[in-house]
Amino acid sequence: MPQISLITSRGTSRNLSEITGKMVLFFYPRSGVPGRPPPDGWDLVPGARGCTPHSCAYRDLASEFAALGVSIFGVSTQTPEYQHEFAERTHLGFELLSDSDLVLTRAMNLPTMEMPPIVDGLPPGGPRTLIKRMSWYCDGGIIRKVWYPVFPPDQNAAEVLAWLRSSGTL
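Set out below in structure tokens:
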């Protein structure tokens with residue numbers, strides 16, 4: 551993992567190179583807010599919809615990942631404050647990492663999508679880069695497996711868990 555620090559939904563800094571154990575990082579474009587419609591055209595963007603079900607599926611299986619010694623982190627380009635609200639509202643129980651400055655996205659050349667300005671949790675002005683949905687399994691600071699593209703989002707956590715159990719990597 552690169553020596554990149556990201557701010558968490560809990561307001562602390564996490565250097566990815568210092569997380570040396572087993573972990574899953576799942577990437578998602580952006581979470582929404584109940585009662586607020588998504589940005590215009592959001593539903594027309596392939597892979598954009600489903601961030602809350604994606605995150606909640608990891609939440610629902612978190613104890614099974616923990617039993618295997620695997621930590622979970624979610625990553626988006628939303629601000630730490632926005633992620634904090636989302637994590638609290640959905641009772642995630644694991645940290646979300648903010649790549650709002652696109653440091654990790656650029657360093658790892660991650661697949662992205664451009665969206666028009668979005669007010670909720672993203673800086674205003676100009677097109678906005680969002681990370682496309684994917685998941686990584688990392689062990690010892692090395693990315694061992696990548697799931698991309700991820701569809702349907704709500705099945706990804708179970709798919710990753712099944713792979714961990716059957717792959718012989720644990």
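Note that our numbering has the sequence shown beginning at 551, numbered continuously upward. Ideal placement from N, C-alpha and C gives every residue a C-beta, glycine not left out.
Close-in-space but distant-in-sequence residues of the same chain around P552 (CB under 8 Å, 5 per side omitted): L566, S567, L654, A657, M658
Cβ shell of G691 (< 7 Å), same chain only, five flanking positions each side left out: M551, S567, T570
Distance, C688 Cα to L647 Cα: 15 Å
Candidates L556, Y698, F644, P596: closest to T629 by CA position: L556
First through last residue of the beta strand (DSSP E) which encompasses V696: 692 to 697
Distance between D590 and L720 (C-alpha atoms, nearest Å): 43 Å
Exposure label - E645; buried when at least 16 CB within 10 Å: buried
Status (buried if at least 16 other CB within 10 Å, exposed otherwise) for G718: exposed
Buried/exposed call for S563, threshold 16 Cβ in 10 Å: exposed
Host alpha helix (DSSP H) of V583 (start-end): Taken as a continuous stretch (DSSP letters only), V583 belongs to no alpha helix (DSSP H), as it is neither H nor E.
Span separating the alpha-carbon of V669 from that of C601: For V669, the predicted model reports a pLDDT of 48, less than 50, meaning its position is unreliable; a value from the coordinates is still stated below. Those two C-alpha atoms are separated by around 17 Å.
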